[in-house]
Amino acid sequence: MLQNCLFPLTRPVRLSGKTRRTIVLAAPLLVVLCLGFSQNAHADYKAGYLAYKAGNFRNAQQEWQDAASTDPRAAYALGLLYYRGKLGGEDYENAAKWFSIAARANHPNALYYMGLLYLNGWGVNYDQFKATDFLKRAFIANGKNADAAFLLGEQYMHGRGAMQNYVDAAHYYLKAAQEGLPAGQYMIGAMYERGWGVDPDLAEAYYWLRLSALKPINTPPGTELEADPGKAIAQLEQKLRPEEIRHVEDRLGTAIR
208 MLQNCLFPLT RPVRLSGKTR RTIVLAAPLL VVLCLGFSQN AHADYKAGYL
258 AYKAGNFRNA QQEWQDAAST DPRAAYALGL LYYRGKLGGE DYENAAKWFS
308 IAARANHPNA LYYMGLLYLN GWGVNYDQFK ATDFLKRAFI ANGKNADAAF
358 LLGEQYMHGR GAMQNYVDAA HYYLKAAQEG LPAGQYMIGA MYERGWGVDP
408 DLAEAYYWLR LSALKPINTP PGTELEADPG KAIAQLEQKL RPEEIRHVED
458 RLGTAIR
C-alpha cells in the first residue's frame with residue numbers, strides 16, 4: 208500500500224520551483240496517509256482474528272474481506288474459514304479463491320492448501336502437476352512443513368505430478384520424518400529397509416520405524432497410508448544384532464527427551 212501511494216512521486220517530471228516545493232511539502236502528508244492505510248489493514252486482520260477466536264465467524268469474514276486485498280494473512284484466513292466450513296458447510300471453491308490470492312504473495316500455508324486442493328480436486332480442477340508445484344513452493348517457503356514434505360514424497364514415490372523418483376521421494380520423506388511426522392518416519396523407515404532411493408540400512412530402518420510407532424500415523428486430508436510399524440519392527444528385530452538394537456535404543460532415548 209505504501210509503495211503504491213508513493214509511486215507517483217518517483218516519476219521524472221519537469222516542474223517549476225514553486226510546484227516542486229509544493230510537492231516536497233506535500234510528500235510527508237502522503238506518507239502519513241499511506242502508513243495509516245497500512246496500519247488499518249493490519250488492524251482489520253487483528254479484529255478478524257479476535258472475532259474468529261470469539262466464534263463470531265461472520266464478523267471475522269467481514270473484517271478479513273476488508274483487509275484481504277492488502278494483507279495476505281487476511282486472504283489466507285478467509286480461505287481457512289471456507290475450507291473448515293465455519294460459514295455454513297465446507298466451501299472449497301471460495302477457499303481456493305482466497306488461498307490463491309494469499310499464495311500470489313507467497314504465503315507459505317496458502318501455498319500448501321492450494322497444493323492440497325489440487326491434489327484432491329477440491330474446489331479446483333484435479334491437477335497433480337499443479338499440486339506438486341504448490342507443495343514445492345510451500346516447502347521452500349517453510350522448510351518445517353512436514354505435511355508438505357510428506358506429500359511431495361508421495362508424489363515422487365508414486366509418480367503423480369512428477370516423474371517417479373525414489374531418491375527424491377526418500378529425500379522428502381526424510382524431511383517430514385525429521386520434523387516429527389510419524390507418516391514420514393514410517394515411510395523413510397520402509398525406504399531404508401528396502402533400499403529404495405537410499406542405501407539399504409536395516410538399523411536406520413529400525414530406528415525410524417520405532418519412532419513412527421510412538422504416535423498415531425495420520426496423513427494430510429484426502430490421503431491414506433497403510434502402515435503397520437509393529438509388524439515391520441518385529442521382522443527387523445529378527446535380522447539385527449543385539450548391539451545394533453541397543454544402539455537404536457540409545458538413539459531413541461535421545462530423540463524423545
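FYI, the numbering for the sequence shown is 208 to 464, going by the working numbering. Ideal Cβ positions, reconstructed from N, Cα and C, are used throughout, including at glycine.
{"Query": "Run the CB neighbour count on residue 463, radius 10 Å, all protein chains shown included, and call it buried at 16 or more, exposed below.", "Result": "exposed"}
{"Query": "In the structure shown, what three-state DSSP assignment does residue 314 receive?", "Result": "coil"}
{"Query": "Taking the alpha carbon of residue 266 as the point to measure from, which residue in 448, 307 and 288 has its own alpha carbon closest?", "Result": "288"}
{"Query": "Thinking residue 417 and residue 459 are a contact (beta carbons under 8 Å), I'd like their distance in whole angstroms, please.", "Result": "6 Å"}
{"Query": "In whole angstroms, give me the CA-to-CA distance for residue 323 and residue 315.", "Result": "13 Å"}
{"Query": "Span of the alpha helix (DSSP H) holding residue 339?", "Result": "335-348"}
{"Query": "Would you call the CB atoms of residue 404 and residue 439 closer than 8 Å?", "Result": "no"}
{"Query": "Alpha carbon to alpha carbon, how far is residue 286 from residue 448?", "Result": "52 Å"}
{"Query": "Out of 290, 281 and 345, which has the shortest C-alpha to C-alpha gap to residue 379?", "Result": "345"}
{"Query": "For residue 261, count the other beta carbons within 10 Å of its own beta carbon; 16 or more makes it buried, fewer makes it exposed. Which is it?", "Result": "exposed"}
{"Query": "Is it true that the CB of residue 271 sits closer than 8 Å to the CB of residue 299?", "Result": "no"}
{"Query": "Compare the beta carbon distance of residue 430 and residue 361 with 8 Å and say whether it is the shorter of the two.", "Result": "yes"}
{"Query": "Do residue 353 and residue 342 have their C-beta atoms closer together than 8 Å?", "Result": "no"}
{"Query": "Between residue 372 and the rest of its own chain, which residues show a CB-CB distance below 7 Å, the 5 nearest in sequence each way excluded?", "Result": "363"}
{"Query": "Since residue 409 and residue 446 are thought to touch, with beta carbons under 8 Å apart, how far apart are those beta carbons, to the nearest angstrom?", "Result": "6 Å"}
{"Query": "Let me confirm a value: residue 268 is counted as buried when at least 16 other C-beta atoms fall within 10 Å, else exposed. Which label applies?", "Result": "buried"}
{"Query": "Going by Cα to Cα distance, which pick from 359, 406 and 374 is closest to residue 426?", "Result": "359"}
{"Query": "Report all residues from its chain with a CB closer than 6 Å to the CB of residue 367; omit the five preceding and five following residues, and keep chain order.", "Result": "335"}
{"Query": "My output table needs one value for residue 273: the three-state DSSP class, helix, strand or coil.", "Result": "helix"}
{"Query": "Quick check on this structure: which residue in 370, 428, 321 and 251 has the alpha carbon closest to the alpha carbon of residue 278?", "Result": "251"}
{"Query": "Pick out the complete beta strand (DSSP E) segments inside the stretch 384-439, 3 residues or longer, and give them in chain order.", "Result": "none"}
{"Query": "Cβ atoms of residue 282 and residue 255: under 8 Å apart, would you say?", "Result": "no"}
{"Query": "Quick one: does the C-beta of residue 463 sit closer than 7 Å to a heavy atom of the ligand GDP?", "Result": "The ligand GDP is absent from the structure shown, which contains no ligand whatsoever."}
{"Query": "Who are the Cβ neighbours of residue 349 in its own chain at under 7 Å, not counting the five residues just before and after it?", "Result": "315"}
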